[in-house]
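Trainee: Position 72 of the sequence shown, counted from 1, bears residue number 72 in our numbering, the numbering being contiguous throughout. Quick reminder that beta carbons are idealized off the backbone N, C-alpha and C, glycines included.
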Amino acid sequence: MDTAAAKPFWMTLRTLWLSLTVSHVLLAGTLWFLRFAPKARPVVHESVDLFVLVFGPLAVAQGVISLWLPRWQLRQAARRLGV
1 MDTAAAKPFW MTLRTLWLSL TVSHVLLAGT LWFLRFAPKA RPVVHESVDL
51 FVLVFGPLAV AQGVISLWLP RWQLRQAARR LGV
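(1) Please identify the residue among ARG80, PRO70 and ARG79 whose C-alpha is closest to the C-alpha of TRP17.
(2) Please state the DSSP three-state secondary structure of VAL22.
(3) Just how far apart, CA to CA, sit SER19 and GLN76?
(4) Just the Cα atoms here: how many angstroms apart are ARG80 and ALA28?
(5) Using the Cα positions of GLY63 and LEU50, report the straight-line distance between them to the nearest angstrom.
(6) Quick check on this structure: which residue in VAL54, ILE65 and ALA78 has the alpha carbon closest to the alpha carbon of ARG14?
Structure follows, in structure tokens:
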């Protein structure tokens, strides 16, 4: 595999991943505000709880992959270089 050809793909993937991470942080802040706002209605609490139950594990998986992916890329590059 030619690394010059793969570079734009990885740059696009990293940009997409970064934008997804930023959107998760903004969404988490919004949900926290809605959940703990002093005059929030019970319907808001239930919908936020459901959202956290559904998308919470996805956010955790994204964090794990964010920690794992650079190490995997370094190992792949080392194998290509024969180190």
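Mentor: According to the structure shown:
(1) PRO70
(2) helix
(3) 24 Å
(4) 39 Å
(5) Within the model, the alpha-carbon separation for GLY63 versus LEU50 is close to 20 Å.
(6) ILE65
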